[in-house]
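Chains as they are written, first to last, in the working numbering: chain W, 3 to 140; chain P, 4 to 140. Note that CB positions come from ideal geometry on N, CA and C, so glycine has one too. Source: prediction; values computed, not measured. Scroll down for the structure; my scribbles are underneath it.
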Amino acid sequence: MARKKRRIRRSVESGDVQMTAMIDVVFQLLVYFIVTIQPVDVIAHLDVFRPSPEAKQEQLQTPPKMIRIQIFQDGFTINDRAVGLREMETLLARLAAIDTKQTIMIMATAHSKHEALVQVLDLCAKNGLQNLSVISTN
Amino acid sequence: MKKPREEGGVNMTPMIDVVFQLIIFFVCTVELERQAIDESIRLSMAPHGPAVEVKDPREVVIEVDDRGRISIARNYMSDTVLRNLLRNVVANHGQTTPVIIRAAGGTRHEDVRKVMDAAAYAGLWKVSFAAIKEVAQ
């Protein structure tokens, strides 16, 4: 009986792979990766239309049906009315309820911040407006 | 006693080798991908914007930092160089190549305009702005 036990133990000891050490290493790797991994932000892509350089002159005469949003260094106007971001949101929601296919012309001045443009594009995306043209003005 | 053991047991060593090789390969490729974009650019927030689902392999990512410097994969260039580069892109991949502008929130519009004009000049019309939809926890 005692002899049998001894034999079994020896056969385990002479096994090919030492699992304990491997599991240790794998756990170390796992912990290392969990600690070092950096979560990635979800990125959105806001599509815009841009007038081609040849059509630049024509674009300046604006048909009355478009919604014109202007972005200045210190604020926005929508159809020549100065509004805040909150007010613009409600106005755009109302306009989008009529028709989401209408053209929105976004005119940004040279010194306005890109962030303001993204804010306007985000509001348009929120209300499902798709025809967004970005025009740069001086 | 020894012979039947060798026949029955699976040899783990090559498998472990392969798994480690795979791990190293993925770690290296993730690092390379991360180096291609400028992490210092602080994008603006667009919580309602459409999330990126399909990635076009042809897409050109142009970065503009808040000082107005234009770069592609951390290579800084002037707008005339960008214009020529985009013309090459059109020659190789066609006009439907998407252009993604990663501009910092504090960038002035005139600097972003340079990039948009270069794209329009080359005939690229699929222009979109990258923004953060959801901040990672």
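With a CB to CB cut of under 6 Å and the five nearest residues on each side skipped, what residues in its chain are close to residue i?
i, result
"P/D59", "P101"
"P/S2", "Absent from the model: residue 2 of chain P. The displayed extent of chain P is 4 to 140, so no value can be given."
"P/R61", "H96, T100"
"P/T110", "V67, D69"
"W/F51", "S135"
"P/S74", "E66"
"P/D114", "V67, G71"
"W/R96", "none"
"P/K6", "In this predicted model, P/K6 has a pLDDT of only 49, less than 50, meaning its place in the structure is not dependable; the value taken from the coordinates is given anyway. Cβ within range, chain order: n/a, list empty."
Which of the three DSSP states is assigned to residue i in this structure?
i, result
"P/K129", "coil"
"W/V28", "helix"
"W/M107", "strand"
"W/M3", "The predicted model places W/M3 with a pLDDT of 47, which falls under 50 and marks its position as unreliable; any figure quoted below should be read in that light. In this structure, W/M3 counts as coil in the three-state DSSP scheme."
"W/K128", "helix"
"P/K58", "coil"
"W/D82", "coil"
"P/D114", "helix"
"P/P7", "Caution is warranted here: a pLDDT of 49 is assigned to P/P7, below 50, making its placement in the model unreliable, and no coordinate value can be reported."
"P/M80", "strand"
"P/T100", "coil"
"W/H116", "helix"
"W/T139", "strand"
"W/S13", "For W/S13, the predicted model reports a pLDDT of 49, less than 50, meaning its position is unreliable and no value from the coordinates is stated."
"W/Q72", "strand"
"P/R105", "strand"
"W/D49", "strand"
"W/I100", "helix"
"P/A123", "helix"
"P/L46", "coil"
"P/V30", "helix"
"W/V44", "strand"
"W/V95", "Before going on, a small fix: residue 95 of chain W reads as Ala here, not Val. Three-state DSSP puts W/A95 in a helix."
"P/V63", "strand"
"P/A139", "coil"
Write down the C-beta distance between residue i and residue j rounded to the nearest angstrom, noting that I regard them as a contact closer than 8 Å.
i, j, result
"W/N133", "W/T105", "4 Å"
"P/L85", "P/A133", "Their Cβ separation, rounded to whole angstroms, is 17 Å, which puts P/L85 and P/A133 out of contact at 8 Å."
"P/M119", "W/V136", "7 Å"
"P/I44", "P/R105", "6 Å"
"W/A127", "W/L48", "6 Å"
"P/V63", "P/V92", "6 Å"
"W/I71", "W/V122", "6 Å"
"W/N129", "W/L87", "Not quite, the Cβ-Cβ distance comes to about 14 Å (not below 8 Å), so this is no contact."
"P/I19", "W/M21", "The Cβ separation is near 11 Å, so there is no contact."
What does a CB cutoff of less than 8 Å around residue i pick up in its chain, not counting 5 residues either side in sequence?
i, result
"W/A84", "G77, F78"
"P/L88", "I75, M80"
"W/M68", "Q104, T105, I106, M107"
"P/D41", "E66, D68, S74, R77, R105"
"P/H112", "none"
"W/V27", "none"
Looking only at its chain, what residues have a beta carbon closer than 7 Å to the beta carbon of residue i, apart from the 5 residues adjacent to it on each side?
i, result
"P/P50", "K136"
"W/E91", "L125"
"W/F74", "T111, S114"
"W/A46", "none"
"P/A94", "none"
"P/Q98", "G126, L127, W128"
Check whether chain C comes within 8 Å of residue i, counting only Cβ atoms and requiring the distance to be less than that.
i, result
"P/A107", "Among the protein chains of the structure shown, namely W and P, there is no chain C."
Sufficient close CB pairs (3 or more, under 8 Å) joining the segment 92-105 of chain W to the segment 24-32 of chain P
no
Cβ contact (3+ pairs, closer than 8 Å) linking the segment 13-26 of chain P and the segment 108-122 of chain W
no
Near-chain W residues of the segment 28-40 of chain P (beta-carbon distance less than 7 Å), N- to C-terminal order
none
Contact set between the segment 59-83 of chain P and chain W, restricted to residues whose Cβ is under 7 Å from the partner:
none
Of the residues that make up the segment 45-57 of chain P, which ones have a beta carbon closer than 9 Å to any beta carbon in chain W?
If the cut-off is 9 Å between Cβ atoms, the segment 45-57 of chain P has L46, S47, M48, A49, P50, H51, G52, P53, A54, V55 near chain W.
Taking 8 Å as the threshold, find out whether the segment 122-130 of chain P comes into contact with the segment 76-84 of chain P through three or more Cβ pairs.
In this structure the segment 122-130 of chain P does not lie against the segment 76-84 of chain P, because fewer than three pairs of beta carbons, one per stretch, are closer than 8 Å.
At a CB distance below 7 Å, what residues from the segment 84-105 of chain P approach chain W? Give them in sequence order.
I103
What residues in the segment 98-112 of chain W bring their beta carbon closer than 9 Å to a beta carbon of chain P?
A110, T111, A112
Interface residues of the segment 120-131 of chain W facing chain P [CB-CB below 8 Å]
Contact annotation: in the segment 120-131 of chain W, residues whose CB is within less than 8 Å of a CB in chain P are V120, Q121, L123, D124, L125, A127, K128.
Taking any Cβ of chain P, which residues in the segment 69-101 of chain W have a Cβ under 8 Å from it, in chain order?
I73
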